[in-house]
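Here is the structure we will look at.
Protein chains: 2
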Amino acid sequence: MTLAPERATLPSPDAANPAVSLSCRHCGATYPLSATHVCVECFAPLEIAYDEDRLRKVTRASIEAGPSNLWRYVGLLPAGHVAERRVSLDAGWTPLRPAQRLAAELGMRTLWVKDDSANPTHSFKDRVVSVALTAARELGFHTVACASTGNLAQSVAAHAASAGLRSVVLVPHDLEAGKTVSTAVYGGTLVAIKGNYDDVNRLCSELAGEYEWAFVNVNVRPFYAEGSKTLGYEVAEQLGWRIPGQVVVPIASGSLLTKVDKAFGELGRLGLVEPTPYKVFGAQAAGCNPVAAAYARGADTVAPVKPSTIAKSLSIGNPADGPYALDVARRTGGAITDVTDDEIVDGIRLLARTEGIFGETAGGVTVACLRRLLNEGLLDPDVETVIYNTGDGLKTLDPLVSTGGPTATIPPSLSAFEAAGLGDD
Amino acid sequence: MTLAPERATLPSPDAANPAVSLSCRHCGATYPLSATHVCVECFAPLEIAYDEDRLRKVTRASIEAGPSNLWRYVGLLPAGHVAERRVSLDAGWTPLRPAQRLAAELGMRTLWVKDDSANPTHSFKDRVVSVALTAARELGFHTVACASTGNLAQSVAAHAASAGLRSVVLVPHDLEAGKTVSTAVYGGTLVAIKGNYDDVNRLCSELAGEYEWAFVNVNVRPFYAEGSKTLGYEVAEQLGWRIPGQVVVPIASGSLLTKVDKAFGELGRLGLVEPTPYKVFGAQAAGCNPVAAAYARGADTVAPVKPSTIAKSLSIGNPADGPYALDVARRTGGAITDVTDDEIVDGIRLLARTEGIFGETAGGVTVACLRRLLNEGLLDPDVETVIYNTGDGLKTLDPLVSTGGPTATIPPSLSAFEAAGLGDD
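Sequences listed follow chains A and B, in order.
For the first sequence, full-length UniProt numbering begins at 1 and goes up steadily by one.
For the second sequence, full-length UniProt numbering begins at 1 and goes up steadily by one.
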């Protein structure tokens with residue numbers, strides 16, 4: 001038996017949970033913590049509202065005493081306050097790597113790569129899914145669902161399997177076989193929809209009205225999105241409780257970028273770090289650049305585009321948090337830019353060649369945008385910078401196949417090896 | 001300029017390094033710590049010899065104060081004693097996951113999965129490569145090389161790139177495009193050899209005689225192999241400094257299994273754990289089962305086979321450490337078994353469905369062998385057991401493609417969804 005979303009609220013006032021309600025990002029109307037995401041007054045998105053006094057109970061020491069995963073920040077999150085009830089595959093606490101060789105190649109002083117490919121299903125989606133499914137279980141749901149073209153699908157299926165929850169994942173029918181396989185293997189319900197991602201998404205919204213399931217990026221989205229804050233907290237903690245002067249974040253829906261900014265703001269406000277200034281830069285593919293285009297136009301609104309880029313995990317043509325991302329970039333003194341598919345492939349190779357990190361196409365977007373921002377003088381090479389690699393290259397091999405062959409193909413003999421000039425330089 | 005392997009020895013007696021020499025596993029002849037792997041007296045393999053007093057300086061506290069990667073065990077390793085000179089992408093300190101749902105399905109009391117897919121290039125090879133390349137750099141090499149069919153290739157290319165070392169990786173020319181891409185992306189020299197893996201390996205040995213390069217699985221193999229000990233140390237530490245009663249380890253060359261046993265033995269001897277008894281079980285694919293077959297025959301020697309299995313990362317027909325693995329299984333009261341390709345696919349699915357862990361084919365071998373050992377009464381379901389998942393399923397998608405499709409394919413409508421019986425159970 002599942003609880004209807006409108007009746008499912010968190011069991012009882014939980015003193016350990018700093019989240020107290022949902023509030024409308026536009027009109028400020030408040031709602032109980034429940035599986036709902038849109039304001040009935042003005043139709044704007046809802047977000048989690050916290051009790052400031054409860055947030056202030058969190059200290060550096062309490063965080064450092066926590067587990068080596070995102071749940072070390074549970075005191076700043078809206079779910080998971082009973083450890084045994086968390087849905088967790090140990091997402092988070094991924095490496096922040098010093099990128100000296102990449103910095104040298106780009107003429108930068110101090111550069112770090114926050115490498116979220118180290119998550120259990122190898123993308124940052126594991127963070128948001130872990131928080132969303134934990135909230136879903138606390139709210140009494142037994143089935144979790146989502147629409148996805150890849151990373152989210154695998155993460156939801158994996159986390160649901162580990163927790164014994166039923167999963168229903170909807171994907172476009174023409175997905176690459178590899179992405180289908182890496183989701184189907186977990187044994188949940190995987191539904192291929194004869195249509196494109198927009199069709200899948202629309203059907204998902206319809207289903208959310210029919211079934212009493214937790215839709216991770218629909219009715220439990222306010223919980224889900226908060227998981228991204230941990231990508232801000234971790235960077236600050238890993239730098240020794242400091243906020244970097246510049247960060248470059250890829251933009252799909254725009255949620256991740258806004259949550260990194262929110263995290264830095266919270267840490268400063270709560271006295272966990274010195275509230276030093278920072279600039280947030282956004283990275284998009286030229287083939288799906290609605291936020292970068294709005295930034296370039298000086299517009300406050302984002303005009304939808306039809307995506308056509310190899311960076312499929314960033315292919316959201318009508319990004320829900322686009323206007324908020326614009327606001328963050330402008331308010332902090334950052335910028336939002338975009339790069340071509342050829343530049344994305346170059347970015348993937350540059351990161352791999354200099355740092356031994358094989359990023360997803362989204363990682364290639366970020367590295368290539370970093371280079372472009374430097375070339376355009378928008379990003380200061382002498383200010384400490386962190387870039388986010390949000391997924392693993394093994395998930396997006398296709399764009400590299402045509403150009404990623406061996407140095408040489410030879411018969412199995414020493415003389416052939418030497419004749420091909422493969423010996424010492 | 002590189003140093004000739006026979007002249008390259010570790011710079012000076014280093015009091016922090018517990019390794020003091022290489023010694024022959026057969027006749028006991030000793031050699032200086034250098035890039036050599038075969039005894040000139042009797043042609044048996046060499047291994048690292050340690051100063052027992054130096055090993056005894058290692059304490060639980062000194063380990064626990066170390067980094068969250070394999071280098072926390074540097075006091076028990078033959079290289080890497082100057083942190084700044086390590087070649088490291090943070091391999092190791094991977095999760096030991098409680099596998100309650102898998103245990104319940106198999107009727108076991110306490111089961112853990114040591115999940116080495118969490119390593120930087122998503123296989124346990126990152127451990128041995130990090131140690132091998134660190135030793136190579138300490139020995140003065142500037143070029144590192146290997147023969148591989150996949151996991152080792154990616155790991156060597158990635159680690160070399162991060163350290164600015166030149167890499168030369170040799171692979172069979174008919175490797176899957178995905179494996180070529182995920183190695184070539186790091187920008188090293190990747191040579192496709194027109195021949196099978198045996199041809200590649202033979203050429204690699206010839207090259208080792210010609211070039212002053214560190215061949216990770218040839219002339220620096222004694223250092224390389226020691227990296228696998230960390231898979232034993234970590235399990236014991238993660239259990240709260242205890243040795244589990246039973247472990248199941250996949251067998252390719254047999255080196256990993258023998259090093260896990262060596263690690264447990266060292267920890268007990270050095271007083272870091274109670275030296276409690278344990279049984280070591282080996283897992284092979286029926287299509288490449290030379291060690292399991294020798295075990296079944298009661299033989300001390302291993303007859304080579306021609307591999308034919310989907311478990312490519314375990315496809316070594318003539319395993320160098322096969323006899324040593326046999327010895328460990330027999331001495332500890334374990335066993336070695338094998339499973340068919342169909343059972344391997346079932347094993348992959350079982351692990352994913354119950355625990356949300358998507359293992360490589362090698363992981364499927366281990367899970368399927370666990371089930372077989374239970375069915376045959378060789379492994380006790382009531383004794384605490386650890387199984388090793390040595391790689392990530394994203395690396396071996398092919399065997400799942402034919403059987404890993406969606407639950408249903410439907411048009412984008414609510415009525416189609418309901419008609420397909422996809423709603424609530």
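Backbone N, C-alpha and C define an ideal beta-carbon position, used for all residues, glycine too.
Q: Can you grab the Cα-Cα spacing for the pair Leu397 (chain B) / Gly364 (chain B), in whole Å?
A: 12 Å
Q.
Under 8 Å, CB to CB, which of the residues in the segment 391-417 of chain B have a partner in chain A?
A. Asp392, Gly393, Leu394, Lys395, Leu397, Leu400, Val401, Gly404, Gly405, Pro406, Thr407, Ala408, Thr409, Ile410, Pro411, Pro412, Ser413, Leu414, Phe417
Q.
Between the alpha carbons of Val367 (chain B) and Ile344 (chain B), how many angstroms are there, rounded?
A. 8 Å
(Q) Any beta carbon from chain A within less than 8 Å of Val128 (chain B)'s own beta carbon? (A) no
Q: Can you grab the Cα-Cα spacing for the pair Ala136 (chain B) / Ser123 (chain A), in whole Å?
A: 32 Å
Q) What residues in the segment 335-352 of chain B bring their beta carbon closer than 7 Å to a beta carbon of chain A? A) Ile348, Arg349, Ala352
Q.
Let me check understanding here. Comparing Cα to Cα, which of A:His37, A:Ala286, A:Asn375 lies closest to Asp342 (chain A)?
A. A:Ala286
Q. Val40 (chain A) and Val401 (chain B): beta carbons closer than 8 Å?
A. no
Q. In whole angstroms, what is the alpha-carbon distance linking Ser228 (chain B) and Gly423 (chain A)?
A. 30 Å
Q: Specify the secondary structure class of Ala208 (chain A) as computed by DSSP and reduced to three states.
A: helix
Q.
Need the endpoints of the alpha helix (DSSP H) that Glu355 (chain A) sits in, please.
A. 341-355
Q. Of all Cβ atoms in chain B, is any one closer than 8 Å to the Cβ of Val191 (chain A)?
A. yes
Q.
Relative to the C-alpha of Gln246 (chain B), which candidate in B:Asp380, B:Glu355, B:Ser315 has its C-alpha closest?
A. B:Asp380
Q: Spatial neighbours of His159 (chain B) within its chain, please: CB distance less than 7 Å, with the 5 preceding and 5 following residues excluded, ordered by chain position.
A: Val87, Leu89, Val129, Ser130, Leu133
Q. Does the beta carbon of Gly356 (chain B) come closer than 8 Å to any beta carbon on chain A?
A. yes
Q: Could you tell me whether the Cβ of Tyr388 (chain A) comes closer than 8 Å to any Cβ of chain B?
A: no
Q: Go ahead and pull the three-state DSSP assignment for Thr30 (chain B).
A: strand
(Q) Distance check for Gln100 (chain A) and Trp213 (chain A), CA to CA, integer angstroms please. (A) 46 Å
Q: Kindly give me the distance between the Cβ atoms of Tyr233 (chain A) and Ala263 (chain A), rounded to whole angstroms, as I take these residues to be in contact under 8 Å.
A: 5 Å
Q | Run of the alpha helix (DSSP H) containing Leu96 (chain A), from where it starts to where it stops | A | Taken as a continuous stretch (DSSP letters only), Leu96 (chain A) belongs to no alpha helix (DSSP H), being part of the beta strand (DSSP E) at 96-98.
Q.
I want to know whether the segment 14-22 of chain A touches the segment 38-54 of chain A - three or more CB-CB distances under 8 Å.
A. yes
Q: Please compile the residues from chain A whose C-beta is within a distance smaller than 8 Å of the C-beta of His122 (chain B).
A: His122, Asp392, Leu394
Q: Drop a sphere of 10 angstroms on the beta-carbon of Pro18 (chain A), count the other beta-carbons inside from all chains shown, and report buried for 16 or more, exposed for fewer.
A: buried
Q | For Asn318 (chain A), the first and last residue of its enclosing alpha helix (DSSP H) | A | Segment: none, Asn318 (chain A) is in no alpha helix (DSSP H) and carries neither H nor E.
Q | Contacts of Arg202 (chain B) in chain A (Cβ-Cβ under 9 Å) | A | Pro412
Q) What in chain A is Cβ-close to Val185 (chain B), meaning under 7 Å? A) Ile348, Arg349, Ala352, Phe358, Gly393, Leu400, Gly404
Q. Which chain B residues sit within Cβ distance under 9 Å of Asp327 (chain A)?
A. Chain B residues near Asp327 (chain A): none, gap ~34 Å exceeds 9 Å.
Q: Label Asn375 (chain B) either buried or exposed according to how many other C-beta atoms from any shown protein chain fall within 10 Å of its C-beta, with 16 as the threshold for buried.
A: exposed
Q) Does any C-beta atom of chain B lie closer than 8 Å to the C-beta of Tyr211 (chain A)? A) yes
Q: Below 8 Å on the Cβ atoms is my guess for Ala252 (chain A) versus Pro323 (chain A); work out the distance and round it to an integer in Å.
A: Contact doesn't hold; Cβ gap of about 15 Å is too wide.
Q.
Restricting to runs no shorter than 3 residues, where is the beta strand (DSSP E) found entirely within the segment 376-411 of chain B?
A. 385-389, 408-410
Q) Applying a beta-carbon distance threshold of less than 8 Å, which residues of chain B neighbour Pro67 (chain A)? A) Residues of chain B passing the Cβ test: none, with the nearest at roughly 11 Å.
Q: Check the Cβ-Cβ distances between Thr180 (chain A) and every residue of chain B, and say whether any is below 8 Å.
A: yes
Q. On the three-state DSSP scale, how would you describe Arg109 (chain B)?
A. coil
Q) Skipping 5 residues on each side, what residues in its chain have a beta carbon closer than 6 Å to that of Thr59 (chain B)? A) none
Q: Quick one: give me the first and last residue of the beta strand (DSSP E) that Val20 (chain A) is part of.
A: 19-24
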